[in-house]
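Visitor:
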Amino acid sequence: MLGGNVDIGSFSVAKRKKQAAPEKPVKKQKTGESSKGAASSKQSSNRDENMFQIGKMRYVSVRDFKGKVLIDIREYWMDQEGEMKPGRKGISLNPEQWNQLKEQISDIDDAIIFLQTKW
Numbered sequence: 001m002l003g004g005n006v007d008i009g010s011f012s013v014a015k016r017k018k019q020a021a022p023e024k025p026v027k028k029q030k031t032g033e034s035s036k037g038a039a040s041s042k043q044s045s046n047r048d049e050n051m052f053q054i055g056k057m058r059y060v061s062v063r064d065f066k067g068k069v070l071i072d073i074r075e076y077w078m079d080q081e082g083e084m085k086p087g088r089k090g091i092s093l094n095p096e097q098w099n100q101l102k103e104q105i106s107d108i109d110d111a112i113i114f115l116q117t118k119w
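Encoded structure:
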């Protein structure tokens, strides 16, 4: 739901209204058997190969979800066991959206420079 547009010179930035999302209950793992196995370590290895750090606890990752390729830009956090877990703050882009973002990088860079020189 668009809340309005902000005009920055020749750049137009859409603003979105924030909607409150219902909280999901945290799932607890059963203490009996561990659900991790050989497949899990292979999955973890593949995940690490497709993760690119862009900041402190922020990563871009390329993954498969329900047969579709997604590019995730997400914040991560450490659980009590020291394992990295994806946080709620992030966005998933399909390859078409990723390509559209890449095509607009120079315009985004120009907008950044414009705002930085304004101050």
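Residue 32 in full-length UniProt numbering is what sits at position 32 of the sequence shown, and the numbering runs on without skipping anything. From the three backbone atoms N, C-alpha and C, an ideal C-beta is built for every residue, glycine too.
Out of curiosity, what's the CA-to-CA distance linking Ser61 and Thr117?
Guide: Locating residue 61 in the sequence shown gives position 61, counting from the first residue. Locating residue 117 in the sequence shown gives position 117, counting from the first residue. Roughly 32 Å separates the two Cα atoms.
Visitor: For chain B, is any of its Cβ atoms less than 9 Å away from the one on Gln97?
Guide: Considering every chain present, this structure includes no chain B. It has just one protein chain.
Visitor: Rounding to the nearest angstrom, what Cα-Cα distance links Gly82 and Arg74 in this structure?
Guide: Taking the sequence shown and counting its residues from 1, one reaches residue 82 at position 82. Taking the sequence shown and counting its residues from 1, one reaches residue 74 at position 74. So the alpha carbons of these two residues sit roughly 18 Å apart.
Visitor: Kindly give me the distance between the Cβ atoms of Lys68 and Asn94, rounded to whole angstroms, as I take these residues to be in contact under 8 Å.
Guide: Reading the sequence shown from its first residue, position 68 is the one you call residue 68. Reading the sequence shown from its first residue, position 94 is the one you call residue 94. Going by Cβ atoms, the distance from Lys68 to Asn94 rounds to 7 Å, so yes, they are a contact pair.
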